[in-house]
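Asks:
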């Protein structure tokens, strides 16, 4: 079976440009979410009302808003507040995903840190560790083990939500797919004048499945191992 | 930077449009949530009881939906399927897409809930002379259903948030309505503040409901 | 990475604050008086000259104006125009970095200085003219309606109660919202999706630029165009507000291209031969010029 002529260049474009864009947003968003989320989540366990309430508000705000709305606010509304707050589609989408993702990680971190028995804190304190040292060397390494399955699940969610960047025109997988559909619909000399929306969007779905499915399995495996 | 007060007349001038958009968001969400509940209950039970064929089909459905982005699913249904002669209008695509997505996550919620019911309770049901179905209705469902309730409401919250993605097929829900209003009024700060407030109102209400239900429906300690 | 983290925290805080208070910056008022253009050709603006490169925003999903070709490169009428500017400025056609812009991101791309120019099917409106500057008009688009042969729609007067498909953020989108409140709008991202929605029967008509619709109607015997023409709105090149040196440079080069009849070969590369005649009425030619209409046509309802 040979593929039709239009397939090869489009696959090439979508792989080199679109998939690269998707992975770029996903990696930045995961790293940012984990970094901010773990700090906020640990800080949430401090018994100091104002910080707790502030972080709680941050979490409920960014978890409560649809990511699309968050990204719209960053991309469309912030520039009308200040010219310094104008971001390109990639940055705007990454920031939107980090706000949402860090809220998820913060909540998961709080649970993980609180699951570490008090004795561990006390023992570390007895050894002369301060609050930071206690968390950095004793509590967080143990909490991280519990945090791993939700982090892998988060990665799956982030990979899928990178597609929302398409709505503001970032060249990720879905957007490059849409551009390809547009060109193919155009009459000669530009394109063949054919509609291939079905094949292209089905292909995009398949690629996301191949990226996400192994990770979903991994998350489930890590979760089971933890229970034992 | 110059602080400018929020123009409150924006709300009164656009109340009609915004409320209509909010109404459509709630209506589509309601249909999708009802559907997702039914899908989750039936297929979740089939998965938990390992009913042949149905269980495998349900598993395939769950994995495909959970591992692909809902935005691509919406594109696929609205722009891809017509090539095969399947033409659905924006409203049908709207509730169908979010329902199919929510249903898949709900199957897992209910499966986990039913599987968390200890086998000895089901044995007790059989000992009382209940058949398989009667045991499910009288034993597994009340206990497992309660366990599945909080995570399933979380799924419903996601369903509501996902309706914002219907913007790409220009279904006139809250987000689409707000962006249309913004295009005409250019009151960007007012538009997006109102839009965000609308979603937070729905989502925070549902979250409060979860907490209420969790304490109200919590199983006694020894049943866990 | 570090920058994005900082930006995220910053945005998070700012968004929280603005949600509560609503801050806005006063819109910049500009208006250095326009100097009389000298007889000699205006010089290349310093920022471009120093960089030795253009940064230009183009569409990537709107053939034949801006799209991604088989090799994954930017191509189209607007893209060729950008290459001409590169040739004028540096003698080579490749001294230009293209940035893909979408309909709603065209203005931000300019105002942030991310690009020097936006050549992206940018329709002139008086409203937009308050925020950015436009070059002289280089392409004249006119709206038409595409309908099925058996459609009861004969003109825009029959649109009440009908569903109109077009692209989001376009001039047609705004016009229908303002003037045809009895009609339903189906707006999509990109022309193909609007066309698909119309072909699939999800809308009664497709409202879009005449030259593109002519090709669609010619290829499909079941479709036709209605007779009425509306919204004759030329495209201009978007320039940052107040950058008069840039506007003078662009306008002078567009005029050279007009005198050389240089738009015709660009058209030939990008539109089907049989529609060339229809398109050629819409570009600048030695004896063919057009100007912007004053007033916001999207709020002028007939």
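Chains as they are written, first to last, in this note's numbering: chain A, 1 to 228; chain B, 1001 to 1224; chain C, 2001 to 2302. We put the beta carbon where it would ideally sit given N, CA and C, even for glycine.
1. Name the chain C residues whose beta carbon is nearer than 8 Å to that of residue 1174 of chain B?
2. Determine which residues share a DSSP beta bridge with residue 2061 of chain C and list them.
3. Counting along the chain, where does the alpha helix (DSSP H) carrying residue 149 of chain A start and finish?
4. Figure out for me which residue from C/2121, C/2146 and C/2145 has the closest Cα to the Cα of residue 2134 of chain C.
5. If we ignore side chains and look at the alpha-carbon of each, how far apart do residue 2234 of chain C and residue 2283 of chain C end up?
6. What's the C-alpha gap between residue 2032 of chain C and residue 2197 of chain C?
7. If I measure Cβ to Cβ from residue 2029 of chain C and keep anything under 6 Å in the same chain, skipping five residues before and after, which residues do I get?
8. Locate the beta strand (DSSP E) running through residue 2167 of chain C, then write down its first and last residues.
9. Starting from residue 2303 of chain C and walking both ways along the beta strand (DSSP E), at which residues does that stretch end?
10. For residue 2146 of chain C and residue 2097 of chain C, which I take to be in contact (beta-carbon distance under 8 Å), what is that distance rounded to the nearest angstrom?
11. Evaluate residue 2074 of chain C with the Cβ neighbour count: other Cβ atoms within 10 Å of its Cβ, from every protein chain shown; 16 or more gives buried, anything less gives exposed.
12. Can you tell which of C/2064, C/2194, C/2050 and C/2151 has its C-alpha closest to the C-alpha of residue 2275 of chain C?
13. Give the secondary structure of residue 2283 of chain C by DSSP, where H, G and I count as helix, E and B as strand, and everything else as coil.
14. Using a Cβ-Cβ distance under 8 Å, would residue 1196 of chain B count as near chain A?
15. If you measure beta-carbon to beta-carbon, which residues of the stretch 2115-2129 of chain C are closer than 7 Å to chain A?
16. Can you find the residues in the same chain that come closer than 6 Å, C-beta to C-beta, to residue 160 of chain A, ignoring five residues on each side of it along the sequence?
17. Tell me the DSSP secondary structure of residue 137 of chain A in three-state form.
18. Suppose only complete runs of 4+ residues qualify. What are the alpha helix (DSSP H) ranges in the stretch 1141-1181 of chain B, listed by chain order?
19. For residue 2057 of chain C, decide whether its Cβ has a neighbour in chain B, counting only Cβ atoms nearer than 8 Å.
20. Note down, in chain order, every chain B residue with its Cβ under 7 Å from the Cβ of residue 2200 of chain C.
21. On the three-state DSSP scale, how would you describe residue 2139 of chain C?
22. Along the stretch 1124-1158 of chain B, what residues have a CB closer than 8 Å to any CB found in chain A?
23. Please state the DSSP three-state secondary structure of residue 2127 of chain C.
24. Helix, strand or coil for residue 2221 of chain C, going by three-state DSSP, please let me know.
25. Tell me whether residue 1119 of chain B is buried or exposed, calling it buried when 16 or more other Cβ atoms sit within 10 Å of its Cβ.
26. Use the C-beta contact count for residue 1094 of chain B: other C-beta atoms within 10 angstroms, 16 or more gives buried, fewer gives exposed.
27. Given a threshold of 16 other Cβ atoms within 10 Å of its Cβ, counted over all protein chains shown, does residue 2139 of chain C qualify as buried or as exposed?
28. Mind listing the chain A neighbours of residue 1188 of chain B? Cutoff is C-beta to C-beta under 7 Å, in chain order.
29. By DSSP, does residue 2259 of chain C sit in helix, in strand, or in coil?
30. What is the rounded straight-line gap between the Cα of residue 168 of chain A and the Cα of residue 1142 of chain B?
31. Taking its Cβ as the centre, do 16 or more other Cβ atoms sit within 10 Å of residue 1205 of chain B, making it buried, or is it exposed?
32. Which value, in whole angstroms, describes the spacing of the CA atoms of residue 2189 of chain C and residue 1139 of chain B?
33. Looking only at DSSP bridge pairs, what is residue 2238 of chain C linked to?
34. Note the first and the last residue of the continuous beta strand (DSSP E) segment covering residue 2181 of chain C.
35. Short of 6 Å in beta carbon distance, which residues of its chain neighbour residue 173 of chain A, apart from the five on each side in sequence? Order them along the chain.
Replies: With the structure as the only source:
1. Numbered from 1 along the second chain, position 174 holds the residue referred to as residue 1174 of chain B. Within chain C, no C-beta atom comes nearer than 8 Å to that of residue 1174 of chain B; the closest sits roughly 16 Å away.
2. Position 61 of the third chain, counted from the start, is the residue given in the question as residue 2061 of chain C. Answer is C/2067.
3. Along the first chain, read from residue 1 onward, the residue named residue 149 of chain A stands at position 149. It spans 140-161 - the alpha helix (DSSP H) in which residue 149 of chain A sits, taken as one unbroken run.
4. By one-based count along the third chain, residue 2134 of chain C stands at place 134. Nearest option by C-alpha distance: C/2121.
5. Here residue 2234 of chain C refers to the residue found at position 234 of the third chain. Here residue 2283 of chain C refers to the residue found at position 283 of the third chain. Near 10 Å, if we compare the C-alpha coordinates of residue 2283 of chain C and residue 2234 of chain C.
6. For the purposes of this step, residue 2032 of chain C is taken as the residue at position 32 of the third chain. For the purposes of this step, residue 2197 of chain C is taken as the residue at position 197 of the third chain. Low per-residue confidence applies at residue 2032 of chain C: pLDDT is 41, beneath 50, and the placement is therefore not dependable enough to give any value.
7. Working through the third chain from its first residue, we reach residue 2029 of chain C at position 29. The predicted model places residue 2029 of chain C with a pLDDT of 39, which falls under 50 and marks its position as unreliable; any figure quoted below should be read in that light. Once the five neighbours on either side are set aside, residue 2029 of chain C has no close Cβ partner at all.
8. For the purposes of this step, residue 2167 of chain C is identified with residue 167 of the third chain, where counting begins at 1. Judged by DSSP secondary structure, residue 2167 of chain C falls within the beta strand (DSSP E) whose first and last residues are 2163-2167.
9. With chain C covering 2001 to 2302 only, the question about residue 2303 of chain C has no answer from this structure.
10. Taking the first residue of the third chain as 1, we reach residue 2146 of chain C at position 146. Taking the first residue of the third chain as 1, we reach residue 2097 of chain C at position 97. That pair is no contact at about 36 Å.
11. Sequence index remark: in the third chain, residue 2074 of chain C carries index 74 (1-based). It is buried - the Cβ of residue 2074 of chain C has at least 16 other Cβ atoms within 10 Å.
12. Counting from one through the third chain, the residue named residue 2275 of chain C turns up at place 275. Closest option to residue 2275 of chain C, Cα to Cα, is C/2064.
13. Numbered from its first residue, the third chain carries residue 2283 of chain C at position 283. Three-state result, residue 2283 of chain C: strand.
14. On the second chain, residue 1196 of chain B is found 196 positions in, with the first residue counted as 1. Among the residues facing chain A, residue 1196 of chain B is included, as its CB has a counterpart in that chain under 8 Å away.
15. Within the stretch 2115-2129 of chain C, no residue qualifies.
16. The residue you call residue 160 of chain A lines up with position 160 of the first chain. Here the set comprises nothing.
17. Locating residue 137 of chain A in the first chain gives position 137, where the first residue counts as 1. Here residue 137 of chain A sits in helix by DSSP.
18. Runs found: 1141-1162.
19. As a position in the third chain, residue 2057 of chain C is number 57, starting the count at 1. For residue 2057 of chain C, the answer is no, since every Cβ of chain B falls outside 8 Å of its Cβ.
20. As a working note, residue 2200 of chain C is residue 200 in the third chain. Taking a Cβ-Cβ threshold of 7 Å, the residues of chain B close to residue 2200 of chain C are 1082 and 1087, in chain order.
21. Sequence index remark: in the third chain, residue 2139 of chain C carries index 139 (1-based). DSSP places residue 2139 of chain C in strand when its eight states are reduced to three.
22. Correct list: empty, as no residue qualifies.
23. Walking along the third chain from the start, residue 2127 of chain C turns up at place 127. Of the three classes helix, strand and coil, the one that applies to residue 2127 of chain C here is helix, per DSSP.
24. Against the third chain, residue 2221 of chain C aligns to sequence position 221. In this structure, DSSP gives residue 2221 of chain C a state outside helix and strand, which the three-state scheme calls coil.
25. The residue you call residue 1119 of chain B lines up with position 119 of the second chain. Within 10 angstroms of the beta-carbon of residue 1119 of chain B lie fewer than 16 other beta-carbons, which makes it exposed.
26. Numbered from its first residue, the second chain carries residue 1094 of chain B at position 94. Result: buried.
27. Working through the third chain from its first residue, we reach residue 2139 of chain C at position 139. Residue burial is scored here from C-beta neighbours: residue 2139 of chain C has at least 16 other C-beta atoms within 10 angstroms and is therefore classed as buried.
28. In the second chain, counting from the first residue as 1, residue 1188 of chain B sits at position 188. The contacting residues are 76, 77 and 80.
29. Numbered from its first residue, the third chain carries residue 2259 of chain C at position 259. Helix at residue 2259 of chain C.
30. Taking the first residue of the first chain as position 1, residue 168 of chain A is located at position 168. Taking the first residue of the second chain as position 1, residue 1142 of chain B is located at position 142. Distance between the alpha carbons of residue 168 of chain A and residue 1142 of chain B: 45 Å.
31. In the second chain, residue 1205 of chain B corresponds to position 205, counting from 1. Burial call: exposed.
32. Locating residue 2189 of chain C in the third chain gives position 189, counting from the first residue. Locating residue 1139 of chain B in the second chain gives position 139, counting from the first residue. The alpha-carbon atoms of residue 2189 of chain C and residue 1139 of chain B are separated by roughly 50 Å.
33. Start at 1 with the first residue of the third chain, and residue 2238 of chain C comes out as number 238. In DSSP, residue 2238 of chain C forms a bridge with C/2118 and C/2134.
34. By one-based count along the third chain, residue 2181 of chain C stands at place 181. For residue 2181 of chain C, there is no enclosing beta strand (DSSP E), since its DSSP letter is neither H nor E.
35. On the first chain, residue 173 of chain A is found 173 positions in, with the first residue counted as 1. Hits under 6 Å: 18, 19, 22 and 204.
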